[in-house]
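Per this note's numbering, the sequence shown starts with residue 3, numbered consecutively.
No residue lacks a Cβ here, since even glycine has one placed at the ideal position from N, Cα and C.
Note sheet for the following structure.
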Amino acid sequence: METSSSDPLPREAHPTPRAAGKQGSVLKQLGPGLITGAADDDPSGIATYSQAGAQFGFNMLWTMLLTYPLMSAIQLISARIGRVTGCGLATNIGAIWPKPLVVGLVLLLFVANTINIGANLAAMGASTELATGIPSLPATMIFAVLSLTMQMFIRYESYARYLKWLTLVLLSYVAVLLVVEIDWVAALKGFIWPSFPLSGDSFTVIVAILGTTISPYLFFWQSSQEVEEIDRKDSAEPLKNDPRQAPKELKRIRLDTFAGMAVSNIVAIAIIMSTAATLHAHGKTEIASAADVAEALKPVAGEFAFVLFSLGIIGTGMLSIPVLAGSAAYAFGESQDWKCGLEHKPWEAYGFYGVIAAATLLGLGLEFMPIDPIKMLFWSAVINGFVAVPIMVAMMTVVSRHERMKEFTASKTALFFGWAATVVMAMAAIAMIVLKT
């Protein structure tokens with residue numbers, strides 16, 4: 003999917019098996035794609051997948067087969083743009099679209115991300131109170147300050163390593179499957195022959211799943227993280243300037259992105275299956291928040307499953323908040339031609355870090371307002387649904403242009419799946435309007 007339609011490199015530019023062996027272990031090649039995929043399973047995503055399992059049992063598992071190739075394609079394209087051009091998405095989109103339009107999209111992204119941060123912090127605080135008895139508001143404030151401090155004052159290399167290892171917390175959701183009883187025949191049927199009513203409720207859940215797996219903040223984050231990788235290594239260059247690096251780097255991006263999106267979908271499958279086998283099987287079909295899932299699991303799946311789910315919400319929240327705030331900062335900073343990047347100190351890129359601080363603190367501020375967290379999540383999903391479509395159209399335009407990508411324009415396969423993802427998101431945005439009016 004990720005290879006170019008033509009191979010611009012001479013035979014000797016390709017790495018020999020011996021050279022390929024020096025590329026390092028598979029784990030070392032995982033980074034931006036893995037973190038992006040893991041951040042996709044944030045508390046709002048957990049609430050969405052839990053609602054799907056509780057309300058429809060195993061019958062929404064088929065959506066995971068649909069979303070995996072689409073989300074992989076669009077994330078591969080965003081990573082490719084960053085690695086080839088050496089610039090983030092906002093810079094590349096600004097080169098082909100009017101600046102006021104780009105700034106408008108970036109502001110909508112900032113609003114959606116801030117609301118999502120607030121909802122995630124609320125879920126993390128509620129889960130902490132359920133698991134430990136610590137009041138939710140102080141816990142929420144501690145999480146916000148801790149996340150902001152780490153982004154501002156920990157070296158990027160250490161920070162990226164921390165984020166990569168934090169993705170292991172997602173295994174807690176897979177572990178839940180080991181302590182609940184699964185009807186595997188019904189689960190398999192949910193993948194290949196689901197049964198659910200063609201109603202507003204079912205399509206609302208489908209739209210929510212699409213919206214939580216293909217989100218604009220993930221596009222900006224992965225593209226900008228590829229730029230960070232170039233800036234961090236003295237020998238690294240944008241591929242359009244040094245094509246000889248292309249075989250190794252594009253192979254790494256493919257491995258990283260496919261692995262990251264697989265992690266995202268495996269965790270989503272585990273959440274749908276565990277809530278289908280417990281909550282749906284016991285007649286609990288309405289989920290108010292991700293923390294409610296953890297509490298509801300306790301009497302039907304035991305203390306162990308309850309603790310695992312609670313810890314997973316807290317861990318994925320700590321993983322997603324930096325991605326949400328960081329992606330908004332990259333997009334806004336690039337649109338204003340600011341110095342951007344986590345490798346800089348806060349006083350070296352004060353505008354960039356100012357956006358990170360604003361998104362995090364405004365998200366925290368939503369905890370003090372009389373706003374229903376679930377409504378916050380819904381409206382952030384609505385905004386994301388609309389914002390994603392023009393951004394994806396712009397991405398597909400950029401990756402098709404030789405003047406931006408040189409010989410590394412996307413292949414026909416990549417273009418097919420990328421445009422398919424764009425069409426699906428456009429239909430999802432329209433469906434949100436129709437189903438909620």
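Taking the alpha-carbon positions, what's the A188 to Y175 distance?
20 Å
Using three-state DSSP, classify R82 as helix, strand or coil.
helix
When the distance is taken between beta carbons, is L110 closer than 8 Å to F193?
no
Cα separation between A428 and T134?
42 Å
If you follow the alpha helix (DSSP H) that N267 is in, where does it begin and where does it stop?
248–280
Other residues of its chain near M73: CB distance less than 6 Å, five sequence neighbours each side excluded:
T215, I216, M263
Sub-8 Å separation of A75 and A416 beta-carbons
yes
If you draw a straight line from the alpha carbon of V229 to that of V425, how long is it in whole angstroms?
28 Å
Going straight from the alpha carbon of K341 to that of R85, what length do you get?
18 Å
Do the region 196–209 and the region 81–99 make contact, defined as three or more Cβ pairs closer than 8 Å?
no
Beta-carbon proximity list for I119, same chain, < 7 Å, skipping 5 on both sides
I323, L326, A327, A361, T362, G365
Using the Cα positions of F512 and L257, report the straight-line distance between them to the nearest angstrom.
The structure shown has nothing for residue 512, since the chain only spans 3 to 439.
Could you tell me which of F410, G387, I95 sits nearest to N115, measuring between CA atoms?
G387
Which stretch, first to last residue, makes up the alpha helix (DSSP H) that contains N118?
101–134
Element boundaries [alpha helix (DSSP H), containing E305]
305–337
So R234 is in the alpha helix (DSSP H); what residue range does that whole segment cover?
218–234
Would you be able to state if there are at least three C-beta pairs under 8 Å between the region 306–315 and the region 126–140?
yes
I'd like to know whether the C-beta atoms of S413 and V105 end up nearer to each other than 8 Å.
no
Limits of the unbroken alpha helix (DSSP H) element including F58:
45–58
Residues of its chain near L63, where Cβ-Cβ distance is below 8 Å and the 5 sequence neighbours each way are ignored
A189, G192, F193, P196, I271, I274, M275
Starting from the C-beta of A333, find all residues in its chain whose C-beta is less than 6 Å away, skip the five residues before and the five after it, and write them out in chain order.
A92, V108, L111, F222
When you compare each of A125, F410, F155 to F142 by their alpha carbons, which one comes out closest?
Looking at the sequence provided, one finds Thr at residue 142 rather than Phe. When only C-alpha atoms are compared, the closest one is A125.
In whole angstroms, what separates the C-alpha of G127 from that of P140?
8 Å
Can you tell me which of the three DSSP states N243 falls into?
coil
Can you tell which of F155, V269, V265, E231 has its C-alpha closest to the C-alpha of E251?
E231
Straight-line gap, A423 to A97 (C-alpha atoms, nearest Å)
23 Å
Here's the rule I'm using: 16 or more other beta-carbon atoms within 10 Å means buried, otherwise exposed. How should M371 be labelled?
exposed
Rounded to the nearest angstrom, what separates F419 and S138 at their Cα positions?
42 Å
Let me confirm a value: I393 is counted as buried when at least 16 other C-beta atoms fall within 10 Å, else exposed. Which label applies?
buried
Kindly indicate the opening and closing residues of the alpha helix (DSSP H) around T142.
138–155
With a threshold of 16 other CB atoms inside 10 Å of the CB of N61, please say whether the residue is buried or exposed.
buried
Please classify G365: does DSSP put it in a helix, a strand, or coil?
helix
Does the separation of the CB atoms of L400 and N122 fall below 8 Å?
Looking at the sequence shown, residue 400 is not Leu but Val. No, the pair does not count as a contact, with Cβ atoms beyond the cut-off.
DSSP state of S201, grouped into three classes?
coil
For W253 versus M407, is the C-beta distance shorter than 8 Å?
The sequence given here places Lys at residue 253; Trp does not occur at that position. Contact flag unset, no.
Smallest Cα separation from Q153: which of L368, T411, E345, V389?
E345
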